[in-house]
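For the record, the sequence lines run as chains A and B. Residues in the first sequence are numbered consecutively from 254, following this note's numbering. Residues in the second sequence are numbered consecutively from 6, following this note's numbering. Ideal Cβ positions, reconstructed from N, Cα and C, are used throughout, including at glycine. Structure first, commentary second.
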Amino acid sequence: MSDFDEPTATEVDSYYLKVKKDSESSGYHLNPDVEFTKELLKSILINITRYGHGACPCRLASGDKQDDMDIICPCDYRDPDLVDYGACYCGLYISSEISSGEKKLQSIPERRPSPDEREKIKANTGFKISTELSKPVWRCKVCGYLCARDKPPEICPICKVSGERFEKFI
Amino acid sequence: MVMQHVEGQDKGKIVLFALSTCGWCKKTRALIEDIGASYDYVYVDLEKGKEREEVVEMVKKWNPQVSFPTIVINDDKTIVGFKEDEIKEAIG
Chain A
254 MSDFDEPTAT EVDSYYLKVK KDSESSGYHL NPDVEFTKEL LKSILINITR YGHGACPCRL
314 ASGDKQDDMD IICPCDYRDP DLVDYGACYC GLYISSEISS GEKKLQSIPE RRPSPDEREK
374 IKANTGFKIS TELSKPVWRC KVCGYLCARD KPPEICPICK VSGERFEKFI
Chain B
6 MVMQHVEGQD KGKIVLFALS TCGWCKKTRA LIEDIGASYD YVYVDLEKGK EREEVVEMVK
66 KWNPQVSFPT IVINDDKTIV GFKEDEIKEA IG
């Protein structure tokens, strides 16, 4: 079925431990369904071998790093999907609400623009200076961490306090 | 492009476009096999070059976003994503 060696169980296990530690230390949660999560991480390792970069296992990567940049895990869409659906597109990263079982994990709509839309976006990206901010800036009242995004993160990636400690700064 | 055929009960023509690496695609295959329906599937990520372009064009016809899993039932109805209830209703 595939023309490359699959990662061994030991490689998957050590990658799992690394990603788990890294994500937890920056306020993200891996899916507690360890079997499902390890399958996804194994697939990312397969993509690293196959494409040279860890493209999202649930999206069709082109193999061209520039084209795939927005879907290299963790993808550009993870945080907005965590806010809106409590999970990333793959179900690899999930919110604490889903982690604790308060909400059921489901497959969610694709946020990434379609191939045709991406072509249009590519054609339109010229250099421009905007006087308006494209996103509001949030400030962690505990450690001063600033981030520009639609809503504050669930947990401050620096000092680990909850998102409710954030104020709208700009 | 080679479609893989899985034997089962005839519940109409079921074609699954999937990725070999995707968790939701695995769950979708498991669900269809649980239901016991016969179906054809292709792992689009394992296709290369011209063959991949051709199969991507096919998916695009049913699902312009080209996301996976995409299930096409009787060349008519499309289900995008692992929508358990919708899949059960359509072929269960």
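Residue(s) in a DSSP beta bridge with residue i
| i | result |
| --- | --- |
| residue 19(B) | 78(B) |
| residue 415(A) | 408(A) |
| residue 195(A) | No answer is possible for residue 195(A): the residues shown for chain A start at 254 and end at 423. |
| residue 308(A) | 325(A) |
The alpha helix (DSSP H) enclosing residue i, as first and last residue numbers
| i | result |
| --- | --- |
| residue 392(A) | Here residue 392(A) belongs to no alpha helix (DSSP H); instead the beta strand (DSSP E) covers 390-393. |
| residue 11(B) | Residue 11(B) -> not in any alpha helix (DSSP H); beta strand (DSSP E) instead, spanning 9-11. |
| residue 39(B) | 28-40 |
| residue 368(A) | 368-377 |
| residue 315(A) | Counting along the chain, residue 315(A) falls outside any alpha helix (DSSP H), and DSSP gives it neither H nor E. |
| residue 385(A) | Unbroken run through residue 385(A): none, as it is neither H nor E. |
| residue 261(A) | Counting along the chain, residue 261(A) falls outside any alpha helix (DSSP H), and DSSP gives it neither H nor E. |
Residue range of the unbroken beta strand (DSSP E) whose run includes residue i
| i | result |
| --- | --- |
| residue 420(A) | 419-421 |
| residue 399(A) | 399-401 |
Residue i CB to nearest heavy atom of the ligand SAH below 8 Å
| i | result |
| --- | --- |
| residue 307(A) | Among the components modelled here there is no ligand, and therefore nothing to report on the ligand SAH. |
* Whole alpha helix (DSSP H) elements within the segment 44-93 of chain B, 4-residue minimum -> Within the segment 44-93 of chain B, the complete alpha helix (DSSP H) segments of 4 residues or longer fall at 54-67, listed in chain order.
* Entirely within the segment 319-365 of chain A and at least 4 residues each: give me those alpha helix (DSSP H) ranges in chain order. => 331-338 and 349-352
* Asked: Is the segment 291-298 of chain A close to the segment 266-275 of chain A, with three or more CB pairs under 8 Å?
  -> yes
* Inter-stretch contact (C-beta, 8 Å, three-pair minimum) for the segment 294-313 of chain A and the segment 66-85 of chain B -> yes
* **Touch test, the segment 339-347 of chain A against the segment 267-287 of chain A, Cβ-Cβ under 8 Å, three pairs minimum** => Of all C-beta pairs linking the segment 339-347 of chain A to the segment 267-287 of chain A, three or more are shorter than 8 Å, placing the two stretches in contact.
* Is it a yes or a no for the segment 31-48 of chain B touching the segment 409-416 of chain A, going by three-plus beta-carbon pairs under 8 Å? -> Three or more beta-carbon pairs separated by less than 8 Å are not found between the segment 31-48 of chain B and the segment 409-416 of chain A, which leaves the two stretches without contact.
* Count the C-beta pairs between the segment 73-92 of chain B and the segment 28-41 of chain B that are closer than 8 Å, then say yes if the count reaches three, no if not. => yes
* Asked: Just by C-beta distance, which residues in the segment 357-377 of chain A are closer than 9 Å to chain B?
  -> 359, 360, 361, 362, 363, 365, 366, 367, 368, 369 and 370
* **Contact set between the segment 48-80 of chain B and chain A, restricted to residues whose Cβ is under 8 Å from the partner** => Listed by position along the chain: 48, 49, 50, 51, 61, 65, 69, 70, 71, 72 and 73.
* Given a limit of 7 Å on CB to CB distance, which residues of the segment 328-346 of chain A reach chain B? -> Look at the segment 328-346 of chain A: the residues with a C-beta under 7 Å from a C-beta of chain B are 343 and 344.
* Three or more C-beta pairs below 8 Å linking the segment 327-339 of chain A and the segment 393-407 of chain A -> The answer is yes - the segment 393-407 of chain A touches the segment 327-339 of chain A, with three or more Cβ pairs under 8 Å.
* Asked: Which of the residues in the segment 304-317 of chain A, read from start to end, lie with their CB under 8 Å from any CB of chain B?
  -> 310, 311, 312, 313 and 314
* Would you list, in chain order, the members of the segment 285-298 of chain A that have their beta-carbon closer than 7 Å to a beta-carbon of chain B? => From the segment 285-298 of chain A, only 289, 292, 293 and 296 have a Cβ closer than 7 Å to chain B.
* chain A contacts made by the segment 15-32 of chain B, where a contact means CB separation under 9 Å -> 24, 25, 26, 27, 28, 29, 30, 31 and 32
* Inspect the CB distances between the segment 47-54 of chain B and the segment 6-13 of chain B and report whether three or more fall short of 8 Å. => As far as the Cβ criterion goes, the segment 47-54 of chain B touches the segment 6-13 of chain B, which means the pair count is three or higher.
* Asked: How do the segment 355-373 of chain A and the segment 387-396 of chain A stand: do at least 3 beta-carbon pairs fall below 8 Å, yes or no?
  -> no
* Asked: Listed from N- to C-terminal order along the chain, which residues in the segment 80-96 of chain B have their beta-carbon within a distance smaller than 9 Å of any beta-carbon of chain A?
  -> 85, 86, 87, 88 and 89
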